[in-house]
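Novice: Quick note: the sequence shown, position 43, residue 54 per my numbering, numbers continuous.
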Amino acid sequence: MSTEQQKRQQRVKTAGAGTLEHESRETLLHYYHQMVLVRHFEEKSAEMYTRARIGGYCHLNLGEEATVVGFCEGLEPTDYVYTNYREHGYAICRGISAPAVMAELFGKLDGCARGRGGSMHLFDLERRFMGGYAIVGGQLPLAVGAAFAVAYKGGKEVIACQMGDGTTNGGQFHESLNLAKIYHLPIVFFIVNNQYGMSLKADQGSAVGELYRKACAYDMRSARVDGNDVLAVRDAMREAVRVARDEREPSLIEAVSYRFKGHSVVDPDRYRNEEEVKQGREQDPIALFARRLTEAGMIDEQGLQRVEEQVSHEIDEAVKFAEESPFPPLESLYDYIYAPDNSEVGEG
Ligand SMILES: Cc1ncc(C[n+]2csc(CCOP(=O)(O)OP(=O)(O)O)c2C)c(N)n1
12 MSTEQQKRQQ RVKTAGAGTL EHESRETLLH YYHQMVLVRH FEEKSAEMYT RARIGGYCHL
72 NLGEEATVVG FCEGLEPTDY VYTNYREHGY AICRGISAPA VMAELFGKLD GCARGRGGSM
132 HLFDLERRFM GGYAIVGGQL PLAVGAAFAV AYKGGKEVIA CQMGDGTTNG GQFHESLNLA
192 KIYHLPIVFF IVNNQYGMSL KADQGSAVGE LYRKACAYDM RSARVDGNDV LAVRDAMREA
252 VRVARDEREP SLIEAVSYRF KGHSVVDPDR YRNEEEVKQG REQDPIALFA RRLTEAGMID
312 EQGLQRVEEQ VSHEIDEAVK FAEESPFPPL ESLYDYIYAP DNSEVGEG
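Shown next as structure tokens:
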């Protein structure tokens with residue numbers, strides 16, 4: 012390895028597993044609650060899809076809960092988030108209510124995008140949730156543009172851009188990282204390596220199996236982190252966000268997790284064998300975190316059961332809200348196509 016390669020390699024840090032030391036019980040239980048909330052929301056979404064309440068495409072965060080919660084907990088409310096279409100959990104963890112997200116999945120007027128976006132296009136300007144994007148990699152150039160705008164105005168906000176492993180094989184990924192580095196933009200690229208891009212194994216679709224190493228090509232800092240450990244993900248995010256905010260440098264995180272089910276709710280998932288899925292599920296981030304919390308005496312079995320019941324109730328309420336919300340009236344079909352002259356967009 013050349014000296015230059017060694018220098019780059021040193022910049023690549025593998026984040027260590029987060030410990031429970033110095034963490035408040037309240038914070039840890041909050042993370043646990045959030046992960047269970049995302050799990051139940053997604054399971055209910057799958058059920059509602061089969062009941063034909065949800066139309067179009069629908070992709071779930073099942074198995075990826077620690078990446079979702081850790082990502083969001085590393086950010087400030089003033090930061091901006093861009094994601095791909097697998098984004099229900101991110102929207103909820105950024106503070107969009109579960110009822111508003113469920114109503115959006117139902118295409119209802121009280122949905123966070125007024126029923127116009129659906130599952131893949133959740134949006135909330137106030138919470139700086141800039142979307143769900145259905146085109147693979149479509150969110151990257153937009154996120155880079157937002158980061159450029161923040162830097163141009165001298166702002167302190169950070170842009171966090173989530174994507175899947177398959178996305179790193181496309182042109183937008185490379186162009187976006189290159190521009191982010193050239194302009195020293197306050198952006199964090201966050202790859203959820205759930206090990207599949209539809210039916211294609213991540214390491215069969217990418218010449219480089221360890222995706223964080225792709226950042227070396229742009230002399231960008233990067234880290235690979237255990238995506239089943241919510242604290243490790245949060246810590247990696249916090250560090251990358253600090254670098255973006257204080258040092259005005261982009262970075263990249265690869266969080267390694269496992270997609271529990273098919274690519275979308277209609278994918279029968281025939282390309283994986285049972286043994287592999289079983290092994291993946293043994294690394295369930297929620298079960299692992301529950302075990303850590305109980306071993307540390309922060310919660311007991313009854314406490315865990317109470318969280319399940321409370322979340323179950325929250326999700327039932329979300330469905331009820333979505334059922335009762337009206338569909339947008341037909342005459343509003345052409346509303347919101349163009350931003351009005353007095354649009355607040357861009358003022359943030
Ligand atoms: C430009 C483009 N090409 C192909 C597709 C079809 N497609 C939808 S999701 C997907 C796989 C993306 O995988 P990955 O980036 O790993 O994200 P994940 O679904 O695992 O979250 C593909 C190829 C698309 N939506 N957009």
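Even for Gly, the Cβ is constructed at its ideal location relative to N, Cα and C. Quantities reported herein were computed from a predicted structural model and do not represent experimental measurements.
Which partner residues of Q173 appear in the DSSP bridge assignment?
Specialist: By DSSP's assignment, Q173 forms a beta bridge with F201.
Novice: Go to F184, then tell me how far its alpha helix (DSSP H) extends in each direction, as first and last residue.
Specialist: G182 to I193
Novice: Rounded to whole angstroms, what's the CA-CA distance from A57 to V276? Just pull it up for me.
Specialist: 6 Å
Novice: DSSP state of K18, grouped into three classes?
Specialist: Low local confidence applies: a pLDDT of 47 at K18 is under 50, so the model's placement there is unreliable, with the coordinate-based value given in what follows. Looking at K18 - three-state DSSP - the assignment turns out to be helix.
Novice: Between which two residues does the beta strand (DSSP E) harbouring A102 extend?
Specialist: It is not in any beta strand (DSSP E) - A102 instead sits in the alpha helix (DSSP H) that spans H99 to C104.
Novice: I'd like to confirm the pairing. Which residues does DSSP put opposite G143 in its beta bridges?
Specialist: T94
Novice: What do you reckon, are the CB atoms on G126 and G67 nearer than 8 Å?
Specialist: no
Novice: Less than 8 Å between the beta carbons of I103 and A158, yes or no?
Specialist: no
Novice: Name, in chain order, the residues that DSSP records as bridge partners for R62.
Specialist: In DSSP, R62 forms no bridge with anything.
Novice: F134: which of T38, V92 and L190 sits nearest, CA to CA?
Specialist: V92
Novice: With 16 as the cutoff for other CB atoms within 10 Å, does S233 come out buried or exposed?
Specialist: So S233 ends up on the buried side.
Novice: On the DSSP letters alone, give me the boundaries of the beta strand (DSSP E) that S233 sits inside.
Specialist: R232 to D237
Novice: What do you get for Y168, buried or exposed, if any count of 16 or more other CB atoms within 10 angstroms of its CB means buried?
Specialist: In the sequence under discussion, the amino acid at residue 168 is Glu, which differs from the Tyr named in the question. The residue is buried, with at least 16 neighbouring Cβ atoms inside 10 Å.
Novice: What three-state label does DSSP hand Y282 in the structure shown?
Specialist: coil
Novice: Check whether the Cβ of V288 lies closer than 7 Å to any heavy atom of ligand 1, and answer yes or no.
Specialist: no
Novice: Pull up the distance between the alpha-carbon of A160 and that of R235, whole angstroms please.
Specialist: For A160 and R235, the distance between alpha carbons rounds to 28 Å.
Novice: Reducing DSSP to helix, strand and coil, say where V219 ends up.
Specialist: coil
Novice: Give me, in chain order, the residues of the same chain whose beta-carbon lies closer than 6 Å to that of G85; leave out the 5 immediate sequence neighbours on both sides.
Specialist: Its chain contains R245, M248, R249 and V252 as the residues whose beta carbon lies nearer than 6 Å to that of G85, once the 5 sequence neighbours on both sides are disregarded; these appear in chain order.
Novice: Does the separation of the CB atoms of P296 and A77 fall below 8 Å?
Specialist: yes
Novice: Going by DSSP in three states, S336 sits in which element: helix, strand or coil?
Specialist: coil
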